[in-house]
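S.K.:
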Amino acid sequence: MAITPLQLNSLITEARKARQALDKVLDYADLISKYAKDLPDEVGKLESGIRDCASEIERQIEEIRYHIYTVLNSMSVDPDEVKNAADKLLLYQGDVSQIIEWVEEQKRGHEENSYWWRYWQAVSEVLRKRK
Numbered sequence: 000m001a002i003t004p005l006q007l008n009s010l011i012t013e014a015r016k017a018r019q020a021l022d023k024v025l026d027y028a029d030l031i032s033k034y035a036k037d038l039p040d041e042v043g044k045l046e047s048g049i050r051d052c053a054s055e056i057e058r059q060i061e062e063i064r065y066h067i068y069t070v071l072n073s074m075s076v077d078p079d080e081v082k083n084a085a086d087k088l089l090l091y092q093g094d095v096s097q098i099i100e101w102v103e104e105q106k107r108g109h110e111e112n113s114y115w116w117r118y119w120q121a122v123s124e125v126l127r128k129r130k
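By numbering that gives the first Met the number 0, the letter at position 96 of the sequence shown is numbered 95, and the numbering carries on one by one without gaps.
Shown next, in the form of structure tokens:
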């Protein structure tokens, strides 16, 4: 079974979490650096090693994230998923004008022509036809 847009979104979320964890490691390195003069010289070398490793890890996280976005943005939007999304929004919200406004707001949060921008654009079009 092929990977889905939601699964790719989960990978993007985890990449963000990995980046945040790396930031915490770098905060630790900053703290070590602050007290390095009171610690053995070896600690300074190790702190430098942490920074070097963190830099490489950051590069790899960003490269993976780039490839995930490339795969996601190359996917076509499933018309059945769009119709189901529009149906659910109508079922739970009712007011088509307010739903369209909300959908347009969701779309603005994404880069033009990205997968999720196209998804929300398609949902908006379905809703406008029902208006």
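Yeah, the Cβ is synthetic: ideal placement off N, Cα and C, and Gly gets one too.
These figures come from a predicted structure and were not determined experimentally.
(1) Identify the continuous alpha helix (DSSP H) that holds Leu30 and give its terminal residues.
(2) Using a Cβ distance threshold of 8 Å, determine whether the segment 33-42 contacts the segment 12-24, with at least three qualifying pairs required.
(3) Alpha carbons only, please: which of Glu61, Gly108, Trp116 is nearest the one belonging to Lys16?
(4) What span of residues does the alpha helix (DSSP H) with Asn72 cover, start to end?
(5) Just tell me which of Gly48, Gln105, Leu89, Thr3 has its CA closest to the CA of Val125.
(6) How many Å lie between Lys87 and Glu111 at the Cα?
(7) Which of the three DSSP states, helix, strand or coil, is assigned to Glu111?
M.R.: Answer, in terms of the structure:
(1) 4-34
(2) no
(3) Glu61
(4) 40-73
(5) Leu89
(6) 24 Å
(7) coil
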